[in-house]
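**Student:** If you want the numbering used here, it's the 1-based position in the sequence shown plus 7.
Here a beta-carbon is modelled for each residue, glycine too, at the ideal position from N, C-alpha and C.
Quick one: this structure, given as C-alpha cells, is what I'll be asking you about.
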Amino acid sequence: MPIGSDQPPDLSRARASRRAVIAGALALPLMGFKGFDSLFAPKAELWERWQQHDPSSSVALDWSDWDAWLGRHVMAGPDGINRFDYSEINGAERAALDAIIDRLAAVTVSTLNRDQQFAYWVNLYNAVTLRLVLDHYPVESIRDIKLGGGFFAAGPWDTALVTVEDTALTLNDIEHRILRPIWRDPRIHYAVNCASLGCPNLKPEAWVAESLDTDLDAAARAFVRHPRGLSIERRADTFRVRISKIYTWFDDDFATAPGQSERGILEHLQRYAAPETAQQLAELARIDSSDYDWSLNDAGRVD
8 MPIGSDQPPD LSRARASRRA VIAGALALPL MGFKGFDSLF APKAELWERW
58 QQHDPSSSVA LDWSDWDAWL GRHVMAGPDG INRFDYSEIN GAERAALDAI
108 IDRLAAVTVS TLNRDQQFAY WVNLYNAVTL RLVLDHYPVE SIRDIKLGGG
158 FFAAGPWDTA LVTVEDTALT LNDIEHRILR PIWRDPRIHY AVNCASLGCP
208 NLKPEAWVAE SLDTDLDAAA RAFVRHPRGL SIERRADTFR VRISKIYTWF
258 DDDFATAPGQ SERGILEHLQ RYAAPETAQQ LAELARIDSS DYDWSLNDAG
308 RVD
C-alpha cells in the first residue's frame, strides 16, 4: 500500500523495522558520532493526502484558548528548560484541553494556507502530546507510555491519537509524514515538543502563522545556546563538541548536500550559536558525541 494511504498495514511497518535492525547491525562500525540509535529515527516520508492547501486563503485560526491554557501551565525553570505542571491539572483544566483538541480536530486544515497549516500541526502535536502524558501521569518519561510501537519499538508515537478530516493520525504521522516532508525546515525540531527535558522548550504560548520565522529562529537560538543543544569543552589543545541527539537522529534535515550531514549540522549550529561559540564551530571539522535526556519535563520534579 503506498505511503499516502490512510491506513498503512502493520505488516509493512514490521518488515521495515526488521530491515532497519539488520541494516543497523551491519552499519554499526561506521556510525561515528551519530550512534546506533540514529538508525531507527523515523524518516521524512510524505503522506500525499496532506499536500492540499489554499495559498489564497485568508483564514486565520484563533489560538486564544490554547495560548491562555499554555500560559497557565508552562513554567520557565532556573536551568533554562521550560517545564509543565502536570500534577496541577484539575478536572476543569483537563476538560479545557480536551475542548481545545476537539476544536482543532474539527478544522478543515486542507483549506488553509501553508503558514496557518504549519501553526495548526505544531500546536495540535503539542496539545495531543500533553493530553497523552496526562492520560498516563505519573510517568518518569514519555517513553514509559507503551501503546504498541514507535521509536525504538516502544512508546506512544505510532498509535492513532487524534482524527482530522476523518483520518486517524499518530504523532509520528504529524511530525514525520506531514511537517518534515512538506516544509523541509529543520527548525521544525524546535517547535514540536515530546515532553522531555532533552527536547527544545515547550513554547509557553501558541505558535501563530504571523510570526513563524521570528519565533522559529528564537527557538533555535535558545536551544543551540543551551548545554542540552550544544556544548564545547576544551581539552588540552583541542575542543570536544557534544550535541543533542536531535541533530543525529534527523541529520538528513540539516545536511547541506547528500553525505554532508555532519558539516550541515555544524553550519546550522554556527548560525544560531552565540558569536564566540560560532567562531569555535567555524574552526571545527567534527562532532564528538551526542546525548538526550528523556526524563519528563515535569515542573514537580525540578532537581
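So, with DSSP's three-state summary, where would you put S117?
**Tutor:** Three-state result, S117: helix.
**Student:** Can you tell which of S268, V114, R184 and E95 has the C-alpha that lies nearest to the C-alpha of E55?
**Tutor:** Taking only the C-alpha atoms, the option nearest E55 is R184.
**Student:** Return the residue from the list L178, S148, V135 and R241 that minimises the CA-CA distance to D165.
**Tutor:** It is L178.
**Student:** On the CB-based measure, 16 or more other CB atoms within 10 Å of its CB, does N208 come out buried or exposed?
**Tutor:** By the neighbour-count rule (16 or more Cβ atoms within 10 Å), N208 is buried.
**Student:** Assuming I239 and T284 make a contact with CB atoms under 8 Å, what is their CB distance in whole Å?
**Tutor:** Confirmed, about 6 Å.
**Student:** Anyone know if the C-beta pair for V114 and L68 falls short of 9 Å?
**Tutor:** Yes, Cβ-Cβ distance for V114 and L68 is below 9 Å.
**Student:** Following the continuous beta strand (DSSP E) through I250, name the residue where it begins and the one where it ends.
**Tutor:** Counting along the chain, the beta strand (DSSP E) containing I250 begins and ends at T245 to S251.
**Student:** According to DSSP, is A292 helix, strand or coil?
**Tutor:** Coil at A292, not helix or strand.
**Student:** Comparing C-alpha positions only, which one of E274, Y144, D192 and P85 sits nearest to R101?
**Tutor:** Taking only the C-alpha atoms, the option nearest R101 is Y144.
**Student:** Just to confirm the assignment, what range does the alpha helix (DSSP H) spanning I108 have?
**Tutor:** Where I108 is concerned, the enclosing alpha helix (DSSP H) stretches over G98 to A112.
**Student:** Report the rounded CA-to-CA distance for A103 versus T263, giving the unit in angstroms.
**Tutor:** The alpha-carbon atoms of A103 and T263 are separated by roughly 43 Å.
**Student:** I'd like to know whether the C-beta atoms of R90 and D305 end up nearer to each other than 9 Å.
**Tutor:** Yes, these two residues count as a Cβ contact at 9 Å.
**Student:** If contacts are defined as beta-carbon pairs under 8 Å, then V116 and P211 qualify, I think. What distance do you get, rounded to the angstrom?
**Tutor:** About 24 Å separates the two Cβ atoms, so there is no contact after all.
**Student:** What are the boundary residues of the beta strand (DSSP E) that V231 is part of?
**Tutor:** Run containing V231: none in the beta strand (DSSP E); it sits in the alpha helix (DSSP H), L219 to V231.
**Student:** Whose C-beta lies closer than 7 Å to the C-beta of Q277 among residues of the same chain, with five residues either side of it excluded?
**Tutor:** The residues are A285, L288 and A289.
**Student:** Quick one: grab the DSSP three-state call for E283.
**Tutor:** It is helical.
**Student:** Work out the CA separation of K153 and L219 for me, nearest whole Å.
**Tutor:** Using only the alpha carbons, I get a separation of about 33 Å.
**Student:** From the DSSP output, which residues share a beta bridge with R242?
**Tutor:** Answer is T245.
**Student:** Looking only at C-alpha atoms, which of R79, F257 and R187 sits nearest to E95?
**Tutor:** It is R79.
**Student:** Is F91 helix, strand or coil by DSSP?
**Tutor:** In the structure shown, F91 sits in a strand (DSSP, three-state: E or B).
**Student:** Identify which residue in A51, L46 and F47 has its Cα closest to the Cα of W190.
**Tutor:** The shortest Cα separation from W190 among A51, L46 and F47 belongs to A51.
**Student:** Could you name the residues of the same chain whose beta carbon sits closer than 6 Å to that of G307, not counting the 5 residues immediately before and after it, in chain order?
**Tutor:** Same-chain partners within the cutoff: S94.
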